[in-house]
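Heads up: the sequence shown is residues 169 to 396, going by my numbering. Cβ coordinates follow ideal geometry from the N, Cα and C atoms, glycine included.
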Amino acid sequence: MEIGRFVIVISLFGICLLYCISCIVEPPYVPLDAIASQSHNHSHNYENELIKTKGVVVDLMNLSDRNMLLNIMDNGTELPVFVSSSSSDKDSEKLMLKYGDVIELQGRIQQYRGKYEIAASEGGLKKINSDNNDNGAYFVAEIAEYPSNYEGRRIRVVGYICKVYKRIFYLCSEEGESAGYRMRVVPKRLAEPEPELEKGDKVIIEGVLVYNPGDMRYELELISLSCL
Numbered sequence: 169m170e171i172g173r174f175v176i177v178i179s180l181f182g183i184c185l186l187y188c189i190s191c192i193v194e195p196p197y198v199p200l201d202a203i204a205s206q207s208h209n210h211s212h213n214y215e216n217e218l219i220k221t222k223g224v225v226v227d228l229m230n231l232s233d234r235n236m237l238l239n240i241m242d243n244g245t246e247l248p249v250f251v252s253s254s255s256s257d258k259d260s261e262k263l264m265l266k267y268g269d270v271i272e273l274q275g276r277i278q279q280y281r282g283k284y285e286i287a288a289s290e291g292g293l294k295k296i297n298s299d300n301n302d303n304g305a306y307f308v309a310e311i312a313e314y315p316s317n318y319e320g321r322r323i324r325v326v327g328y329i330c331k332v333y334k335r336i337f338y339l340c341s342e343e344g345e346s347a348g349y350r351m352r353v354v355p356k357r358l359a360e361p362e363p364e365l366e367k368g369d370k371v372i373i374e375g376v377l378v379y380n381p382g383d384m385r386y387e388l389e390l391i392s393l394s395c396l
């Protein structure tokens with residue numbers, strides 16, 4: 169009986185020790201290019217491993233239940249990140265990300281439709297650049313969900329050209345004419361010639377978000393535009 173109890177105590181101690189070690193030990197840092205090229209690199213396979221990495225946010229799409237799909241880039245390599253929102257995350261303030269934000273994240277590498285991506289929780293993301301990212305740009309999806317937060321402000325917005333008319337055009341959150349959210353963009357000075365725009369162009373627009381009571385919608389009064 170005494171030997172049995174001793175074995176049980178040792179086993180429980182070992183389990184607790186392993187748990188404590190797992191909480192203390194940091195997951196390895198793996199750069200994006202190592203993740204993307206692992207199918208060609210047989211020295212190490214990171215699939216299903218918990219890792220840490222960092223990158224610059226270059227695209228964002230809001231999904232259902234506060235989930236997000238990000239694209240981050242570092243050293244010329246771009247990789248998607250699926251960000252899930254847990255019940256504890258839903259009680260906290262949503263992480264507001266802009267184009268150009270540098271983030272550090274902890275997540276697990278997986279394959280989706282034959283390509284590698286990182287699966288992370290919102291709590292596993294951390295902005296490591298200044299919160300005052302003046303050179304950053306908001307995503308169309310973020311403004312579409314919280315338009316009143318930006319009304320009357322001079323802001324920079326990143327998105328894809330999806331419809332072009334003589335005096336106005338539409339900026340979409342995703343590539344494609346009917347993809348995701350759409351924002352109506354109106355030149356502030358109609359006399360000025362607009363640059364040649366084509367569907368699918370990824371651009372950053374600077375302008376003022378205003379509410380048009382006649383059409384009962386928000387629109388962006390264009391000040392400047394640059395292609396990416």
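In terms of residue numbering, what span does the beta strand (DSSP E) encompassing Val378 cover?
370-380
Under a three-way DSSP split, which group does Asp383 fall into?
coil
Does the Cβ-Cβ distance between Val325 and Ile311 come in under 8 Å?
yes
Could you compute how far the alpha carbon of Gly382 sits from the alpha carbon of Pro355?
17 Å
Counting Cβ pairs closer than 8 Å, one from the stretch 281-291 and one from the stretch 315-334, do we hit at least three?
no
In this structure, does DSSP put Ile336 in helix, strand or coil?
coil
If you count every other CB in all the chains shown that lies within 10 Å of the CB of Cys340, and 16 or more means buried, which is it?
buried
Minimum C-alpha distance to Met241 - residue among Asp233, Ile277, Leu200, Tyr214
Leu200
Thinking just about the alpha-carbon of each residue, which of Glu387, Asn243, Gly223 is nearest to the one in Lys295?
Gly223
Neighbour-count burial assignment, Ser253, 16 or more Cβ in a 10 Å radius:
buried
Among residues of its own chain, excluding the 5 on either side of Ala305, which ones have a beta-carbon nearer than 7 Å to its beta-carbon?
Lys266, Tyr267, Gly268, Arg324, Val325, Val326, Ile372
With Ala287 as the anchor, note down where its beta strand (DSSP E) starts and where it stops.
283-295
Classify Leu273 as helix, strand or coil using the three-state DSSP reduction.
strand
Mind reading off the beta-carbon distance from Val349 to Val376? Whole number of angstroms is fine, and I expect it under 8 Å.
Residue identity differs from the one stated: residue 349 is Tyr in this sequence, not Val. About 19 Å; that fails the 8 Å criterion.
Considering only residues of the same chain and omitting the five flanking positions on each side of Leu273, which have a CB-CB separation below 6 Å?
Ala288, Gly292, Leu293
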